[in-house]
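Enquirer: Taken in order, these protein sequences are the chains called A and B. So the number in our numbering is just where the residue sits in the first sequence, counting from 1, plus 6. So the number in our numbering is just where the residue sits in the second sequence, counting from 1, plus 1310. Just so it is clear, CB atoms sit at the ideal spot from N, CA and C, and this is done for glycine as well.
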Amino acid sequence: MKKDINQTISQFLDDELDHAELDVLLSAIKNEPELKQQINRYQVMTQVLTDERSLQASPDFLDKINQQIKQEPHYLLPKKVVKKRVVPLWQKASFAVAASVACVAVIMSQQSDFQLANQFQQVQVAAVDTKVIENPIQETEKEVIQPSQHERFKAYLQAHNDDLYTHGSLNVHPLARTASYR
Amino acid sequence: MVYRVFLFFLLSITVTFVNATEVKVQQIMENMSQAMKTLDYQGTVAFFKNGRLDTMKYFHSCNSGKEQERLLSLNSPMREVIREAGKVRCVFKKTNETVVNDHPVSESFIIDLPDDFLAIQSVYSFKTLDEESVAMLPTYVISIEPKDQYRYERKVWIDKVYFLPLKSEVYDLEGKTVEQVVFTDIQVINNHKVDKNKAKGKDIALLNHQAELLAIENAGIILGAYPSNYKIVFFDQMNRDDLDKVVEHVLLSDGFSSVSVYVEAKVKDTEEGIQILGSVKSITKIIGDFQVTVLGEVPVKTVQFIVQGIKLKK
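(1) Starting from K1611/B, trace the alpha helix (DSSP H) both ways and give me its first and last residue.
(2) Within 10 Å of its beta-carbon, does E1417/B have 16 or more other beta-carbons around it, so buried, or fewer, so exposed?
(3) How about Q74/A: is its C-beta nearer than 8 Å to some C-beta of chain B?
(4) Between T1637/B and G1583/B, how many whole angstroms is the CB-CB distance? I'm expecting something under 8 Å.
(5) In chain A, what lies closer than 8 Å to H1370/B by C-beta?
(6) Helix, strand or coil: how does DSSP classify Q1411/B here?
(7) Near G1619/B, what residues of its chain come up, given a Cβ to Cβ distance below 7 Å and the 5 sequence neighbours on each side ignored?
(8) Would L1476/B and Y1351/B be called neighbours here (beta carbons separated by less than 8 Å)?
(9) Going by DSSP, name the residue or residues bridged to D1364/B.
(10) Hey, quick one: how far does the beta strand (DSSP E) through L1381/B stretch, first residue to last?
(11) Between F1369/B and R1362/B, which are expected to be in contact by the criterion C-beta below 8 Å, what is the C-beta distance as a whole number of angstroms?
(12) Using the beta-carbon count (16 or more within 10 Å), is Q1601/B buried or exposed?
(13) Are the CB atoms of L1349/B and V1444/B nearer to each other than 8 Å?
(14) For V1492/B, would you say it is in contact with chain A, using Cβ-to-Cβ distances shorter than 8 Å as the test?
(15) Does G1530/B get closer than 8 Å to chain A when you measure Cβ to Cβ?
(16) According to DSSP, is D119/A part of a helix, a strand, or is it coil?
(17) Please return the same chain residues whose Cβ sits closer than 6 Å to the Cβ of A1345/B, not counting the five positions on each side in sequence.
(18) Measure the alpha-carbon distance for E1581/B versus Q155/A and round it to whole angstroms.
(19) Could you pull the start and end residues of the beta strand (DSSP E) that Y1450/B belongs to?
(20) Under the DSSP definition of a beta bridge, which residues are partnered with R1464/B?
(21) From this set, S1567/B, F1544/B, G1565/B, which residue's C-alpha is nearest E1626/B's C-alpha?
(22) Could you tell me which residues DSSP pairs with A1575/B in its beta bridges?
(23) Under a CB-based cut-off of 8 Å, is V1415/B close to chain A?
(24) By the 10 Å Cβ neighbour count, where 16 or more other Cβ atoms means buried, how is N1411/B classified, buried or exposed?
(25) Report all residues from its chain with a CB closer than 7 Å to the CB of K1576/B; omit the five preceding and five following residues, and keep chain order.
(26) Using a Cβ-based criterion (distance less than 7 Å to any ligand heavy atom), does S1386/B qualify as near the ligand FAD?
(27) Could you have a look at T1487/B and say whether DSSP puts it in helix, strand or coil?
(28) Hey, quick one: how far does the beta strand (DSSP E) through S1709/B stretch, first residue to last?
(29) Taking only beta-carbon positions, decide if M1548/B is within less than 8 Å of chain A.
(30) Got a sec, what are the start and stop residues for the beta strand (DSSP E) S1563/B sits in?
(31) Which residues in the same chain have their Cβ closer than 6 Å to the Cβ of K1465/B, if we skip the five residues on either side of it in sequence?
(32) Could you say which of E1394/B, Q1431/B, S1563/B lies nearest to D1375/B if we only look at CA atoms?
(33) How long is the line joining the alpha carbons of I1392/B and K1367/B, rounded to whole angstroms?
(34) Going by DSSP, what residue range makes up the alpha helix (DSSP H) through I71/A?
(35) For V1335/B, which residues from the same chain have a beta carbon less than 8 Å from its beta carbon, with the 5 sequence-adjacent residues on both sides left out?
(36) With C-beta atoms as the reference, is V1608/B less than 8 Å away from Y1460/B?
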């Protein structure tokens, strides 16, 4: 087994591993820190043998970089707000009814013999259409409930300073203690 | 011997001169504070902040010690903002939407000022600069320079006749202007000049109203440390309509700069760290099951300092 690993490491350093073998080796390195050190040693040896100058990074070098990246501030740049056009329920319902009536008219002209029966069926279709429309609206309402961290930050900001008044930002719901609508 | 006496004489003159200058600056600032509250005046004000400019009509009146400030927008969105009895009400003309803030953070739309100019000199130094004109009126120019890294420098241009602030600017640590408020025209309606001997507490119903809010004991956090001369102005619990959650809000201020601390139950996917939005610096930290956000128009160092001292009450 050890021999296999050594062989794999050697192939890895010579860039001779295919993708599947590389995946196996990388997951093995993740689980065994000693293996990582072994690869580093082999790499240094290879560089010495090939007379290349080697530069050994400290083991926690990558961890330090990760920490630095985590501590970097987030710059909240202005983002263009794309407003989703929400079609009111009555409008959707009227579209559905209009579409259903159109269907009824077409079917009536084609099958005048079965007029009464078809009308009954179309009313059922219209009822089903209206049901289908109601569900997506409920879902979009659910999506709106959770504001993002950016929106929360803007709400905090509005509660903190007078920008709402001096610059009139209407797009964001403020953290208002009382709000009324006439 | 003669040399020593001469040196002592020179030192005495220097000290006296410096003290006289400080007293003069302090007197100008106190006069401004009084004038802002007691005079009736109106004009056009330009607000410039984070690259945005808005111009509004401004009205201030004082009736039997009760102040009212009013702003009327000249550009869309059309709105009227009224501050009286410690509350701010904003009416958007187009939608008829009214937003009422019972506990506004600032005490003036023009400039926030400390109550005690003598005490504030421990963290700011005041200097008079060369006189300039604003809105065609001669002004004193006062530079307010912080003595530490926890606040921004600012300048204020004060009318020499009525002591009203005609212009104010705030600068970041690199000296860039982050905020500017300037009167382009101003008229004083009641022309009684500032009575320097007037009792200070007589005309401020507003401050008494806000004093009732100071009940920090009810907060779920302990503010372990904050920069010198910052004080807790109020503690408040805000209800968020959109989340149905209570957000605790503590306001700290040194008189010129203010910092808000918001505490709410931890929200999924909240990222810790520093956020910067123009002149506003903010830091978010997860403490136990809560997320704390410290925010203000102050240097990053200030929000970091405050958030490090925050602990949850057991």
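Expert: With the given structure in hand:
(1) The sequence position of residue 1611/B within the second sequence is 301, counting from 1. Segment 1610-1618, the alpha helix (DSSP H) holding K1611/B.
(2) Taking the first residue of the second sequence as 1, we reach residue 1417/B at position 107. Buried: at least 16 other Cβ atoms inside 10 Å.
(3) Indexing the first sequence from 1 puts residue 74/A at position 68. Chain B contact via Cβ: absent.
(4) Past the boundaries of the shown model lies residue 1637/B; chain B is included only from 1311 to 1624, so the question cannot be answered.
(5) Within the second sequence, residue 1370/B is the residue found at index 60, counting from 1. What H1370/B touches in chain A: nothing, since even the nearest Cβ is about 15 Å away.
(6) The residue you call residue 1411/B lines up with position 101 of the second sequence. In the sequence as displayed, the identity of residue 1411/B is Asn instead of Gln. N1411/B falls in the strand class under three-state DSSP.
(7) As a first step, residue 1619/B must be located in the second sequence, where it is residue number 309. Correct list, in chain order: L1533, G1534, A1535, Y1536.
(8) Within the second sequence, residue 1476/B is the residue found at index 166, counting from 1. Within the second sequence, residue 1351/B is the residue found at index 41, counting from 1. No, they are not a contact pair.
(9) Counting from 1 along the second sequence, the entry for residue 1364/B is found at position 54. In the DSSP output, where bridge partners are listed per residue, D1364/B has F1357/B.
(10) By one-based count along the second sequence, residue 1381/B stands at place 71. Where L1381/B is concerned, the enclosing beta strand (DSSP E) stretches over 1376-1383.
(11) Numbered from 1 along the second sequence, position 59 holds the residue referred to as residue 1369/B. Numbered from 1 along the second sequence, position 52 holds the residue referred to as residue 1362/B. The Cβ separation is near 22 Å, so there is no contact.
(12) The residue given as residue 1601/B occupies position 291 in the second sequence. Here Q1601/B is buried. Its C-beta has 16 or more other C-beta atoms within 10 Å.
(13) In the second sequence, residue 1349/B corresponds to position 39, counting from 1. In the second sequence, residue 1444/B corresponds to position 134, counting from 1. No, the pair does not count as a contact, with Cβ atoms beyond the cut-off.
(14) In the second sequence, residue 1492/B corresponds to position 182, counting from 1. Output row for V1492/B: interface = no.
(15) As a position in the second sequence, residue 1530/B is number 220, starting the count at 1. No, because no Cβ of chain A sits closer than 8 Å to the Cβ of G1530/B.
(16) For the purposes of this step, residue 119/A is taken as residue 113 along the first sequence, with counting starting at 1. Here D119/A scores only 46 on pLDDT, less than 50, and its place in the model should not be relied on; the value that follows carries that caveat. Correct three-state label for D119/A: helix.
(17) In the second sequence, residue 1345/B corresponds to position 35, counting from 1. Contacts found: Y1472, F1473, L1474, V1504.
(18) Residue numbering aside, residue 1581/B sits at position 271 when the second sequence is read from its first letter. Residue numbering aside, residue 155/A sits at position 149 when the first sequence is read from its first letter. Cα to Cα, the separation comes out at about 8 Å.
(19) The residue given as residue 1450/B occupies position 140 in the second sequence. Counting along the chain, the beta strand (DSSP E) containing Y1450/B begins and ends at 1447-1456.
(20) Position 154 of the second sequence, counted from the start, is the residue given in the question as residue 1464/B. The partner list for R1464/B (beta bridge, DSSP) reads I1454/B, V1480/B.
(21) Chain B is shown only over 1311 to 1624; residue 1626/B falls outside these bounds and no answer can be derived.
(22) Position 265 of the second sequence, counting from 1, holds the residue named residue 1575/B. Looking at the DSSP assignment, A1575/B forms a beta bridge with F1600/B.
(23) Within the second sequence, the letter at position 105 stands for residue 1415/B. For V1415/B, the answer is yes, since a Cβ of chain A falls inside 8 Å of its Cβ.
(24) Translated into positions along the second sequence, residue 1411/B becomes position 101. Per the 10 Å Cβ criterion, buried.
(25) Working through the second sequence from its first residue, we reach residue 1576/B at position 266. Hits under 7 Å: I1596, D1599, F1600, Q1601.
(26) With respect to small molecules bound, the structure shown includes none, and the ligand FAD cannot be examined in it.
(27) Taking the first residue of the second sequence as position 1, residue 1487/B is located at position 177. Three-state DSSP puts T1487/B in a strand.
(28) One cannot answer for residue 1709/B here, as it falls past the ends of chain B, which runs 1311 to 1624.
(29) Position 238 of the second sequence, counting from 1, holds the residue named residue 1548/B. Answer yes: the Cβ-Cβ gap between M1548/B and chain A drops below 8 Å somewhere.
(30) Residue numbering aside, residue 1563/B sits at position 253 when the second sequence is read from its first letter. Note, S1563/B: beta strand (DSSP E), 1555-1563.
(31) Position 155 of the second sequence, counting from 1, holds the residue named residue 1465/B. Closer than 6 Å at Cβ, skipping near neighbours: S1453, E1479.
(32) One-based indexing of the second sequence puts residue 1375/B at position 65. Position check: residue 1375/B holds Gly in this sequence, whereas Asp was assumed. Cα-wise, what sits closest to G1375/B is E1394/B.
(33) Locating residue 1392/B in the second sequence gives position 82, where the first residue counts as 1. Locating residue 1367/B in the second sequence gives position 57, where the first residue counts as 1. Answer to the nearest angstrom: the Cα atoms are 12 Å apart.
(34) By one-based count along the first sequence, residue 71/A stands at place 65. That run of the alpha helix (DSSP H) goes 67-77.
(35) Within the second sequence, residue 1335/B is the residue found at index 25, counting from 1. Hits under 8 Å: F1436, K1437, T1438, I1452.
(36) In the second sequence, residue 1608/B corresponds to position 298, counting from 1. In the second sequence, residue 1460/B corresponds to position 150, counting from 1. Yes, the pair counts as a contact, with Cβ atoms nearer than the cut-off.
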